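**Q** This is the structure I have questions about; it appears just below.
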Amino acid sequence: MRKIGWILAIGLGIASSATAVMARPAGLFAPHLQQIREGLPPNTEMRLPAEVLLGGPGNVDPNSLIVRVIPTASPPRLTVGLFTCESGPYPCLVGSFAAESMASANAQRELNRHELGAAPITLSEGVRGYLLEGSRQTPPSEFSSLMWQQNGMIYTISFLAAERENMLAMARSMATEPGLRSTQVP
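In our numbering, the protein residues as written are 424 to 609.
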């Protein structure tokens with residue numbers, strides 16, 4: 424009987440540690456997770472926040488957002504955009520999350536631009552991000568962006584400048600959440 428108890432305890436321990444490393448992005452991404460995995464370049468991963476936070480002008484309900492998964496081949500990159508409309512006379516992009524391999528010269532250039540133009544922000548232990556405020560860009564932009572390097576990837580999160588604090592909270596969540604791995608074979 425004791426042996427069964429130990430086997431059960433070990434099994435539960437293994438199951439709970441396997442669950443602990445599974446990515447749990449915000450619910451609005453759930454219908455798109457397979458598309459995200461398929462859109463990622465081979466041997467890459469995408470981190471998404473556990474919760475999408477918004478509270479700036481317009482006070483948009485995150486659950487009403489439209490999610491678009493945008494893979495690109497050159498450079499190999501995946502962007503997940505959040506929109507308030509399918510199309511319309513006014514731009515409806517609220518923000519985006521992007522992942523690109525650290526080997527990408529384009530991603531390295533952009534990360535370097537962020538490092539030179541912003542003070543480092545600690546996202547998690549050993550992970551520093553660089554926030555480039557929209558008002559400090561040339562030309563000024565309505566969007567701010569934050570970039571960091573983690574596990575061989577360069578991540579970019581870009582949101583309306585008014586969402587600064589929410590963007591920082593989402594980036595911290597992304598830095599601690601496990602990544603979604605690509606399903607593409609190299």
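Idealized CB from N, CA, C, for every residue including glycine.
Quick caveat, the model's predicted, so the values are computed rather than measured.
#1: Provide the residue(s) that pair with P494 in DSSP beta bridges, ordered along the chain.
#2: Quick check on this structure: which residue in Q573, V483 and A592 has the alpha carbon closest to the alpha carbon of V517?
#3: Is the CB-CB distance between S596 and E474 below 8 Å?
#4: Give the straight-line distance between the Cα atoms of E461 and L451, rounded to the nearest whole angstrom.
#5: Using 8 Å as the threshold, is the C-beta distance between L546 and A521 below it?
#6: According to DSSP, simplified to helix, strand and coil, what is Q560?
#7: Whole angstroms is fine: what's the gap from E588's alpha carbon to Q607's?
#8: When you compare each of Q560, S564, L569 and E565 to Y553 by their alpha carbons, which one comes out closest?
**A** The short version:
#1: L501
#2: V483
#3: yes
#4: 18 Å
#5: no
#6: coil
#7: 34 Å
#8: L569
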